[in-house]
Each structure stands twice: as structure tokens, then as C-alpha cells.
Amino acid sequence: TLDRFFPGVEGSDPEIALVSFHTFYNVLCIFLILPFTNSFARALVRLIPEHGNPLAKRLDPGLLGSTDVALHAVASTEQEIMQTLLTRLLPVLRHPGEHVDADAMVDIDDAMTQTREYLERIRVQPDRRRHMELYACAIHILDHLRRIRERAIDQRRMSRIGDDQGLVRMTEQLVVIVQQLANAAFPIDEATAAKAQQVNHQLKTAMRRYRVNTLRGTAGGAMNTTTALQRMDAARGLRRVAYHLWRIVD
Numbered sequence: 101t102l103d104r105f106f107p108g109v110e111g112s113d114p115e116i117a118l119v120s121f122h123t124f125y126n127v128l129c130i131f132l133i134l135p136f137t138n139s140f141a142r143a144l145v146r147l148i149p150e151h152g153n154p155l156a157k158r159l160d161p162g163l164l165g166s167t168d169v170a171l172h173a174v175a176s177t178e179q180e181i182m183q184t185l186l187t188r189l190l191p192v193l194r195h196p197g198e199h200v201d202a203d204a205m206v207d208i209d210d211a212m213t214q215t216r217e218y219l220e221r222i223r224v225q226p227d228r229r230r231h232m233e234l235y236a237c238a239i240h241i242l243d244h245l246r247r248i249r250e251r252a253i254d255q256r257r258m259s260r261i262g263d264d265q266g267l268v269r270m271t272e273q274l275v276v277i278v279q280q281l282a283n284a285a286f287p288i289d290e291a292t293a294a295k296a297q298q299v300n301h302q303l304k305t306a307m308r309r310y311r312v313n314t315l316r317g318t319a320g321g322a323m324n325t326t327t328a329l330q331r332m333d334a335a336r337g338l339r340r341v342a343y344h345l346w347r348i349v350d
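With the numbering used here applied, the sequence shown covers 101 to 350.
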């Protein structure tokens with residue numbers, strides 16, 4: 101058989117024939133397997149899932165020796181946490197009454213905890229101004245992420261955003277920037293940051309107007325006090341999410 105590909109090899113030294121056979125066999129196997137490598141890799145990923153929280157995969161203790169690299173790892177982790185959180189928040193905003201994915205929130209909560217603990221292990225020298233700014237920024241973002249998370253899981257408050265058209269309109273404005281940031285590339289460009297600021301301002305104005313109209317409606321007997329308080333609280337919650345998003349990307 102080998103003579104078809106390597107003429108004369110079968111009549112030569114047996115050792116050379118053996119080596120030639122193994123070389124031929126290995127090359128043949130490579131060409132046969134190559135078309136299926138991607139499928140095989142995907143199958144391995146499914147069969148042997150990655151251990152640990154994928155949102156915290158960048159928080160490698162080995163990076164702590166370099167303050168700059170460690171702080172950039174934290175920044176990338178916070179970006180992924182934010183986009184995952186916003187992706188889970190979108191269905192709740194679009195369909196009041198739905199619950200945030202519980203499994204996803206477990207990963208998000210764990211990733212925020214790991215990020216906080218990782219930050220505590222980073223040593224920043226007081227004379228390194230840039231590192232000090234990056235460290236302060238990381239804590240700032242983590243704080244606002246935590247506040248958005250608290251709003252997202254507050255099912256009682258979020259379920260009220262479909263109670264009337266005023267809340268629905270505010271929710272629609274918020275959805276625009278939530279979706280934009282959930283799919284944004286980092287670093288955030290100026291146009292997206294400006295949009296976040298605009299939506300925050302719009303919802304601040306809308307919340308104040310909604311509050312005044314709700315109080316007047318309550319005084320006129322259009323709704324009871326409990327309903328009025330609940331709806332004003334929902335409006336305030338929507339505006340606060342917009343505020344936290346703006347502060348993160350500002």
C-alpha cells in the first residue's frame with residue numbers, strides 16, 4: 101500500500117518502512133480530522149463546562165503583581181457585569197410582572213462580590229495618581245451596579261411600571277438606553293454617554309411631572325393614596341436606574 105505513495109519503501113529497511121507508515125498515518129488522520137475540529141471543540145465545551153463564574157474569569161490573582169493590569173481586569177469585569185445585568189433587566193422592563201432570571205442573578209451577585217474582594221487585594225501607591233483614579237472609578241461603578249441590581253430584583257416595584265400610560269412612557273424611554281448600553285462596545289463612545297445623560301434628564305423631568313399629576317389626581321379622587329404612593333415609587337425607581345447608568349458611563 102505504501103508503494104503507491106512512497107515507491108520502493110516496502111523493499112527498503114524495515115525501520116524506514118515503519119517510520120514512513122506512521123508518518124503517512126498521522127498526516128492522513130490530520131486531514132481527516134481537520135474539518136471537524138470546531139464541532140469537536142464545541143462538544144468538549146458542553147461536556148466539560150468551565151469551572152467558576154464566567155463573569156469573574158478575568159480576576160486572576162496572578163495579575164495582582166501589576167497594579168495597572170489588575171485594575172484593567174476589574175474594569176473589564178465590571179463592564180461584563182453591567183451588560184449581563186442590563187440584558188436580564190430588559191425583559192422585566194418590556195413585560196412588567198416578569199421575574200429576573202434567578203440563575204443569572206446568582207452569577208451577577210457572585211461576580212460583584214468577587215470584584216469587591218479582588219479590589220481589596222490591589223495595592224495602590226498614593227503617589228500613583230492614575231492608579232488612584234482607576235481604583236476610585238472601579239468602586240464608583242461597583243456601587244452603581246449594586247444599586248441597579250437592587251432595582252432589578254425588586255419585583256413588587258417593577259411590576260407596577262405597567263400600571264398606567266405615564267409609567268409606560270417612562271419605561272419606554274429607559275429601555276432605549278438600557279438596550280443601547282447592553283450591546284455597546286467599550287470604551288463607551290461620546291454619543292452613547294450623551295444619550296445616557298439625555299435619558300436621565302428626560303426621566304428626571306418626567307418623574308417630577310408624573311408626581312405632580314398623580315398628587316392632583318389623588319386629591320381629586322381619581323385614585324386612592326396607596327395607589328398614588330406605589331406609582332410615584334415606581335416612577336422614582338425608573339428614573340434612578342437611568343441616573344445610575346448615566347453615572348457609570350459619564
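For every residue, glycine included, the Cβ atom is placed at its ideal position computed from N, Cα and C. As the structure is a computational prediction, the values presented were derived from the model and not from experiment.
Does the Cβ of residue i have 16 or more other Cβ atoms within 10 Å, making it buried, or fewer, making it exposed?
i, result
"H244", "buried"
"R331", "buried"
"L99", "Beyond the ends of the chain as shown, which are 101 and 350, falls residue 99; an answer cannot be given."
"L102", "Per-residue confidence for L102 stands at a pLDDT of 49, beneath the threshold of 50, marking its modelled position as unreliable; no derived number is given."
"G321", "exposed"
"N300", "buried"
"A334", "buried"
"T271", "buried"
"R316", "exposed"
"G152", "exposed"
"V169", "exposed"
Quick one: what does DSSP say residue i is sitting in, helix, strand or coil?
i, result
"M332", "helix"
"N410", "Outside the shown range of the chain, which is 101 to 350, sits residue 410, and nothing can be said about it."
"Q298", "helix"
"A252", "helix"
"V275", "helix"
"I222", "coil"
"P196", "coil"
"I288", "coil"
"M323", "coil"
"R228", "coil"
"D362", "Outside the modelled stretch of the chain, which goes from 101 to 350, sits residue 362, for which no answer is possible."
Would a check of beta-carbon distances place residue i closer than 8 Å to chain C?
i, result
"L303", "Within the model displayed, chain C is absent; a lone protein chain is all it includes."
Are the region 177 to 195 and the region 227 to 236 in contact at 8 Å, needing three or more beta carbon pairs?
-> no
Using 8 Å as the threshold, is the region 282 to 299 in touch with the region 311 to 320, meaning 3 or more CB pairs across them?
-> no
Touch test, the region 255 to 269 against the region 149 to 163, Cβ-Cβ under 8 Å, three pairs minimum | no
Could you pull out every unbroken beta strand (DSSP E) segment of at least 3 residues lying fully inside the region 146 to 177, listed in chain order?
-> none
Is there contact between the region 247 to 257 and the region 198 to 210, where contact requires at least three CB pairs shorter than 8 Å?
-> yes
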